[in-house]
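Data first, discussion second: the structure below is written as structure tokens.
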Amino acid sequence: MSPPEREKRPPTEALSPDYTSKAHCTSVARQLRRRRAASWRLVPLDCGCRDPWPCRCTQPPLTDCQLDGWRDAAQHVLDEGYMPLVPLEVRRALWRREGTDRRLAELLHRGCGGAVA
Numbered sequence: 001m002s003p004p005e006r007e008k009r010p011p012t013e014a015l016s017p018d019y020t021s022k023a024h025c026t027s028v029a030r031q032l033r034r035r036r037a038a039s040w041r042l043v044p045l046d047c048g049c050r051d052p053w054p055c056r057c058t059q060p061p062l063t064d065c066q067l068d069g070w071r072d073a074a075q076h077v078l079d080e081g082y083m084p085l086v087p088l089e090v091r092r093a094l095w096r097r098e099g100t101d102r103r104l105a106e107l108l109h110r111g112c113g114g115a116v117a
């Protein structure tokens, strides 16, 4: 019984600019796992989060001006025939406004299948 043949890599010049090797993907996953494990060794922040990098607890709430901008941008993208992926906190804030903003938030939520941006 002979050993299996090694998988040959494409030549370097044949790689597209967006080519990602499997080794790179696994190294990123490994780094994220190490970061998660290290975060459990840290003292929790005042908000209860252990890792300050993904913590969004200290961000100020969305202003009316920001919500108007998100609403107008989403409406513009919808008018062009595409479905915008709006962050969940923006959709929730639009839904709380009621009226046409609530209908827009429901349309955006259904259109993206509940995906979180």
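Reminder that position 99 of the sequence shown reads as 99 in UniProt numbering, one-by-one numbering, no gaps.
For every residue, glycine included, the Cβ atom is placed at its ideal position computed from N, Cα and C.
Collapsing the DSSP output to three states places Ala37 in a helix.
The Cβ neighbour count for Leu108, taken over all protein chains shown within 10 Å, is at least 16; the residue is labelled buried. The three-state reading of DSSP puts Glu106 in helix, counting H, G and I together.
One alpha carbon belongs to Cys47, the other to Pro54, and they sit about 12 Å apart. Take the alpha-carbon of Arg30 and the one of Cys49: they are about 21 Å apart. Sequence-distant Cβ neighbours of Asp51 in its own chain, meaning closer than 6 Å and more than five residues away, are Ser39.
A direct Cα-to-Cα measurement between Arg103 and Thr26 gives close to 42 Å. Listed in chain order, the non-local C-beta contacts of Gln75 below 6 Å within the same chain number zero, local neighbours out to five positions each way being set aside.
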